[in-house]
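Here the protein sequences come in this chain order: E and D. Sequential numbering of the first sequence, starting at 14, is according to this note's numbering. Sequential numbering of the second sequence, starting at 17, is according to this note's numbering. Built from N, CA and C at the ideal position, the CB exists for glycine as well. Worksheet: the structure to be examined is printed underneath.
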Amino acid sequence: MFAERMRAVWVIARRDFVAVVFSKAFIFFLLGPLFPIIIGFFAGAIGASVQHDLDRAVIGVAMPARDGDKLIMARDAMADHMTGGVPDMVVIDRLRPGEHFDARAILKKRQLAAVVTGTLDAPVLTATQGRIDDWRGMVALFAARARSSEAIAYPDVRADVVITSAAHEHNGQVVTAQAGQLLLFLLTMLLAGMVLSNLVEEKANKIIEILAASIPMDALFMGKLFAMLAVSMVGVAVWGTGYGMMVLAGARSIPLLATPAVGWPLFLALGFLYFAMAYLLLGSMFLAIGGMANTVREVQTLSMPATMMQLIVFFLASFALARPGTWIETLSEVFPVSSPYAMLAHAAEHPAIMPHVIALAWQGLWVVIMVRGGAMLFRRTVMKSGPGRVRKRAANRAGNRAGQPA
Amino acid sequence: MGKEADVPQNDPPQDLAIEARGLVKRFDGTIAVDGVDISVPRGAIYGVLGPNGAGKTTTLRMLLGIIDPDAGYRRVLGTENPTEVARRIGYLPEERGLYPSMKAYEAIAFLAALRGVPLAEGRRRARRMLDEYGLGHAADRQIRQLSKGMAQQVQLIGTLIHEPDLVVLDEPFSGLDAINQGRLEQLIRGLAARGATVLFSTHVIAHAERMCDQVAIIAGGKVPFAGPVDVARDRLRPQVRLETRVRDGIWRAALPTDARCDVKASGSAFWYFTLPETGVEPLLRALIEGDAGILSLSIERAGLHDAFVAIAGEAAARALEEHREEAEILAKKGRR
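This is how it looks when you write it as structure tokens:
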């Protein structure tokens, strides 16, 4: 019976896989991730340009002539030794003794981030509160340097670089865990949603009844899930190959992530397995929900809550990542739908293998439960009676014929 | 299986392809099928006859294991779980359906694969059967490119491709023109001739009467009659049609009280009545001795239609007739 069921799964999976992969729509599906990359590229370029303009902050200096020049010389001398953005300084006015300068008025007229007035002994910084917080200390340093008549020799600091530290390594692994979760979430979101509309074709083409009469319904569910999993593998392989080619061509760089606790080979293998589990768990749920829909429009209506549910699961796993050792982390690792995300993060941070064996078995059990439950629900609700149109007419007739059953 | 299952204690007779007892199905609190009993002998052509909404499709779906009954017992090809013998069953649902993007021969091979035929073998058989049905030219065309009639034939081939022991057809004649209905009748007889059991539902009494060894009459979710067609017809007394030269005479006392009379312009009279329990001989003797002048006499056995009216009631018969007319209109529209 098991072999018979697996054969049925294979027949359905093969049909669906061929139907999807050899369709024109699949090309667009493969091109899908290109669009956010292109949009990201342009948005990034525009954003960088805008940021560059914004970052060119200029501080105006309106001091007695010698003080202003000294301050700018001090700024130029120290800027090379300071990391981060050191704003430009320009003399906007050389004041005569006793002359008053209205810094507030000039800030309204000219494109200046701040204005320094007063003297080197008592400089005044006029700017918004944020700018003052950022630059107050820096202006004091420049003024102190400008007041000093002696040449200051900056000693050379010898660098003693260590590969890593405990804190750095842990932080790096957290970043790796986050990156793994994010990638897993993006892939699952991209692919699991496809199964929502998977049974609409069978229902719309009225082939569902033949399938239901020929094979067990859970074999139909399983076949569809595995077909879509295989389709997603094709997608991941194509995207991975594309990314690899871009890296080789020098267009993109490999993100530098800290080595996960279980090592890269096992982490990648677990990533693959957890992706399959996350996909199968969410996919079986979506398949069951989508199975209730009769039209594409109904599927579209269902897709919003389904996406929201995916987001909640992802947020739970991400939230748990920041709270190691708490009940939230345990919950996210045990709750079947969030378990793949949480356990992938676990693999990045902890070297133990056994929890993954247990987690995969647990998730696999839930895949079977969800598939069987979904199939049962679908079987109960999908075949209620004969064709709708004729049934409706019969009901109308029955209504016309007072007191007589249709 | 339902909790109220009336499971036969002894092994079921081996010559039954289908045996169902007390099948009940409710949908949202409404009873669709209410205690259906059916016994389909192996090798028989068996009709489920009833108007639309009577519970035919639901009964077939329960027998095939597509849905489970809320109560009752079913045994199909020797097992209580029909999905175990799905490979030996061919099913043509009332709502025909195929994947539109599949080529005709691929669609048939897919249906064969669902029933356990290897894909390569299914493709080979599909091409051969398409040739046999005169559709060889359409083998490589997508289903969406075929006419409705051709697609129906492709689906029928897909139903039979795995040479099933039991063929279940839900309203197989609907949507077919007269020529294709005749072909289908031939095909069904051919299936039975090679030993397959054919169970089909229909709302057309003529099809059931012409083809079936046995019928189940279903109305309002119940089966008031299930058995040989002859037994159904024998539920009614034969009708007598008598033509006499004269209208009146002492012989009239021998006619049953329900006799109706039509007087013709020539003076002769037609009499219609149910054959009396005593038979035709006493009546004939009275007619001859009374000098009624018998011009013609015929005794007609009741048809299945009359039997249906008597068994299922006038309302069900009227619904059956309306459904037939409706289906004919839809079939004409579909052909256009």
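Check: In whole angstroms, what is the alpha-carbon distance linking M259(E) and V184(D)?; Outcome: 58 Å
Check: Taking only the alpha-carbon atoms, compute the straight-line gap between A242(D) and G191(D) and give it to the nearest angstrom.; Outcome: 27 Å
Check: Against S210(E), what residues of chain D qualify as contacts under a CB-to-CB distance less than 9 Å, listed in chain order?; Outcome: None at all; the shortest Cβ gap to chain D is about 15 Å.
Check: Can we say the stretch 35-46 of chain D touches the stretch 89-102 of chain D, given the rule of at least three CB pairs closer than 8 Å?; Outcome: yes
Check: When the Cα of A248(D) is compared with those of F324(D), T218(D), E293(D) and G66(D), which residue comes out closest?; Outcome: F324(D)
Check: Spatial neighbours of R27(E) within its chain, please: CB distance less than 7 Å, with the 5 preceding and 5 following residues excluded, ordered by chain position.; Outcome: none
Check: Between A102(D) and chain E, is any beta-carbon pair separated by less than 8 Å?; Outcome: yes
Check: Taking the alpha carbon of R58(D) as the point to measure from, which residue in K119(D), P116(D), D229(D) and F189(D) has its own alpha carbon closest?; Outcome: D229(D)
Check: Spatial neighbours of L3(D) within its chain, please: CB distance less than 6 Å, with the 5 preceding and 5 following residues excluded, ordered by chain position.; Outcome: Here chain D has residues from 17 to 352 only, and residue 3(D) is not among them.
Check: For S117(D), return the contacting residues in chain E, with the cut-off set at a CB-CB distance below 8 Å.; Outcome: A32 and S36
Check: Just checking my contact of L300(E) with L212(E) at CB under 8 Å: how many whole Å lie between their CB atoms?; Outcome: 7 Å
Check: What does a CB cutoff of less than 6 Å around V384(E) pick up in its chain, not counting 5 residues either side in sequence?; Outcome: D231, F234, M235 and S297
Check: Against chain D, with Cβ distances strictly below 8 Å, would A225(E) count as a contact?; Outcome: yes
Check: Per DSSP, what kind of secondary structure is R171(E) in: helix, strand or coil?; Outcome: coil
Check: Taking I221(D) as the reference, give the member of I234(D), V214(D) and I310(D) with the closest Cα.; Outcome: I234(D)
Check: Residues bridged to M76(E) by DSSP?; Outcome: R107(E)
Check: Where are the alpha helix (DSSP H) runs, 4 residues long or more, that stay fully inside the stretch 277-312 of chain E, in chain order?; Outcome: 277-304
Check: Is the CB of R385(E) under 8 Å away from at least one CB in chain D?; Outcome: no
Check: Indicate the three-state DSSP secondary structure (helix, strand or coil) for D29(E) in the structure shown.; Outcome: helix
Check: Along the chain, where does the alpha helix (DSSP H) containing G174(D) start, and where does it finish?; Outcome: K164 to L176
Check: With 16 other CB atoms within 10 Å as the buried threshold, where does E215(E) fall?; Outcome: buried
Check: With burial defined as no fewer than 16 other Cβ atoms inside 10 Å of the residue's Cβ, what is the status of S345(E): buried or exposed?; Outcome: buried
Check: Work out the CA separation of Q158(D) and P337(E) for me, nearest whole Å.; Outcome: 57 Å
Check: Closest by CA to G111(E), which one among M76(E), Q142(E) and L125(E)?; Outcome: M76(E)
Check: How do the stretch 271-284 of chain E and the stretch 326-333 of chain E stand: do at least 3 beta-carbon pairs fall below 8 Å, yes or no?; Outcome: no
Check: Should L206(E) be labelled buried (16 or more other beta-carbon atoms within 10 Å of its own) or exposed?; Outcome: A quick correction: the sequence has Gly, not Leu, at residue 206(E). Flag for G206(E) reads buried.
Check: Who pairs with L108(D) in a beta bridge, going by DSSP?; Outcome: L185(D)
Check: Relative to the alpha-carbon of R103(D), which residue among T74(D), V245(D) and L130(D) has its alpha-carbon at the smallest distance?; Outcome: L130(D)
Check: Cβ atoms of R141(D) and A120(D): under 8 Å apart, would you say?; Outcome: no
Check: Using DSSP with H/G/I as helix, E/B as strand and the rest coil, what is V231(D)?; Outcome: strand
Check: Work out the CA separation of K83(E) and A166(E) for me, nearest whole Å.; Outcome: 17 Å
Check: Using a beta-carbon distance below 8 Å, is F286(D) in contact with chain E?; Outcome: no
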